[in-house]
Amino acid sequence: MLTVMKFGGTSVGSAEALERAADIIVSARTNRVVVVSAMSGITNFLVAALEDGPKNAEKVFREFEERHIAVAKQLFEGERFDAFKEEFDERLNQFKEVYTNPENWKDPYFKDNVSSQGERFSSLLLAHLIRTKGHKSEAITSEQAGIVAFGQPLNGTCDLERTASGMGMSVTPKVYSGIIPVITGFYGVNDEGKPLTFGRGGSDYAAAAIGNALDADMIEIWTDVNGFMSADPRIVPDAVTIEEMNFSEAAELAYFGAKVLHPRTIEPARMKHIGVKIKNSYHPENFGTHIHNLRRKSDTRLKSVAMKSDLSIITVKSGELAYRIKLIAKIVDRIGDADIPVYAISTSLSTIAFLVHNNDITKILGAMGPIKGDIEGIDVKSDVTLICTVGDDMLDQKGISGDVFGAVKDAGANVEMISEGASDVSLNFVVPTESALQVVRCIHKRFITGGSK
Ligand code: ADP
Ligand code: ASP
Ligand code: MG
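Residue numbering for the sequence shown follows this note's numbering, starting at 7 and increasing by one per position.
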């Protein structure tokens, strides 16, 4: 039996957190492969450094080193510290070489390389700490593990097949010889041998891809809350933990804004029917959430509500568009060429509307250029928020839409766009960003804490 155990930023963000993580790992009864994020704050620090440009290199290295060494001093003494420091310096020198070469700053994948540096050092801390607890452990980078990625900078996808063959050679033999590998999350390596990150929060996805590649029996996501909850507890303080969910429910919520899982975490697990557990590293005794393939009826009509902000509605207009399917195909084709995610599509007789990220508007408007003559106009409404509500068999529940929109009315919000019926587990709609928090709270109150079951 093999478990992939992923620890997020706060779960490895201090000496105490690392101690907790190491205790959880060594007390697990199965074989395990560990995946880590950078210590909390480190990726943001590196992203900010990139924005500042190369001039502050010395300061960046100093702060980066201080943060990690301060933690290492709390964890290791004497020879153990020296052994850690030797590997640490080796990795730090590699980072310095990459960062200080002006040629590298022109490389499209340079930001991926720099922003993924934190994982190389958190993995080192954790592997050394596991050794102090009497177990064999090795810190392994994605390069060494053979995690293969492809795609645009900062937006990689894991090549699961090639990762499986790479890891079969590099990691599996270690696991069976009793070593606990601690692998860097967040990135893989592309065909040119360059680090390519999976988007912010991508260590969850890396863990799921590693679980898929190794045919794991379970993927555990260790984080700072008691599992997948009925809403983001930072927005809704009385949110409750959902003990069981199926893959579709978790995937919809993650894609539409539930930050507890990277949007693409579920698919690599679902493909091989590998269960995903979300657990609290501060309270390992709590059950957390188990996400699996089964569909079991729950006693609530709505399980969870998530929101995704910074979106825009792009409406393309053309007379009797509904009768001109080929024009619709052309419009969709242009969006396909722009290669951007679309969060919802809705149509009427003479319009088709797409929900996209604010940052993608210029790209989409540019992509429409070649078919300008075929369309009558394009409207853009920016800064809207998508609300995603998820429950069992939403399509078959009589009156559920009325009740959801009743809660939207309680919040005094206007609905700008609706997407219903495409998925049987979710009902999504768009509201102005200024009313989004209130909408989430009113829905949560009506369906989860308020007792409308
Ligand atoms: P990690 O560093 O462990 O990857 P993240 O900060 O990425 O942790 O994700 C955990 C956070 O996700 C929680 O602290 C919580 O605020 C937020 N979150 C958003 N939606 C949910 C939800 N539905 N259930 C649980 N947590 C959520
Ligand atoms: N460290 C990366 C980030 O902050 C990846 C992750 O934490 O999952 O985005
Ligand atoms: Mg995360």
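No residue lacks a Cβ here, since even glycine has one placed at the ideal position from N, Cα and C.
DSSP places alanine 344 in the helix class (H, G or I) of the three-state scheme. A straight-line Cα-Cα distance of about 23 Å links glycine 199 and alanine 55. With a beta-carbon spacing of about 6 Å, serine 441 and alanine 417 fall inside the 8 Å limit used to define contacts. Beyond the five residues adjoining it in sequence on each side, glycine 263 comes within less than 6 Å, by CB distance, of Ala312, Met313, Lys314 in the same chain, given in chain order.
Taking the Cβ of glycine 208 as the reference point, at least one heavy atom of the ligand ASP falls within a distance shorter than 6 Å. A residue is called buried when at least 16 other Cβ atoms come within 10 angstroms of its Cβ; glycine 84 does not meet this threshold and is exposed.
Three or more beta-carbon pairs separated by less than 8 Å are not found between the region 418 to 435 and the region 211 to 227, which leaves the two stretches without contact. Scanning the region 142 to 173 from its first residue to its last, the whole beta strand (DSSP E) runs of 3-plus residues come out as 142 to 146. Within its own chain, the residues whose Cβ lies closer than 7 Å to the Cβ of serine 432, once the five positions on either side in sequence are excluded, are Glu258, Cys394, Thr395, Val396, Met400, listed in chain order.
For threonine 49, the shortest separation between its Cβ and any heavy atom of the ligand ASP lies below 6 Å. Excluding residues up to 5 positions away in sequence, Pro159, Asn196, Glu198, Lys200, Pro201, Leu202 lie with their Cβ nearer than 8 Å to the Cβ of tyrosine 115 in the same chain. Between the alpha carbons of alanine 245 and arginine 447 lies a distance of about 10 Å. Cβ-Cβ distances below 7 Å link threonine 439 to Ser315, Asp389, Val390, Thr391 in the same chain, with the five nearest sequence neighbours on each side left out; the list follows chain order. The three-state secondary structure of threonine 16, taken from DSSP, is helix.
Restricting attention to Val53, Asp58, Ala344, Leu131, the CA atom closest to the CA of alanine 78 is found in Leu131.
Annotated three-state conformation of serine 315 is strand, per DSSP. Between the ligand ADP and the CB of valine 266, the shortest heavy atom gap is smaller than 6 Å. An exposed status is given to aspartate 305, since fewer than 16 other beta-carbon atoms sit within 10 Å of its beta-carbon. If only uninterrupted alpha helix (DSSP H) runs of at least 4 residues are considered, those enclosed by the region 52 to 115 are 63 to 81, 84 to 106. For histidine 279, the secondary structure class from DSSP, reduced to helix, strand or coil, is coil. Every beta strand (DSSP E) of 3 residues or more that sits fully in the region 328 to 392 is shown, in chain order, as 350 to 353, 357 to 363.
Relative to the ligand MG, glycine 14 has its C-beta within less than 6 Å of a heavy atom. Exposed is the label assigned to aspartate 343, since fewer than 16 other Cβ atoms lie within 10 Å of its Cβ. Taken through DSSP and simplified to helix, strand or coil, threonine 306 comes out as coil.
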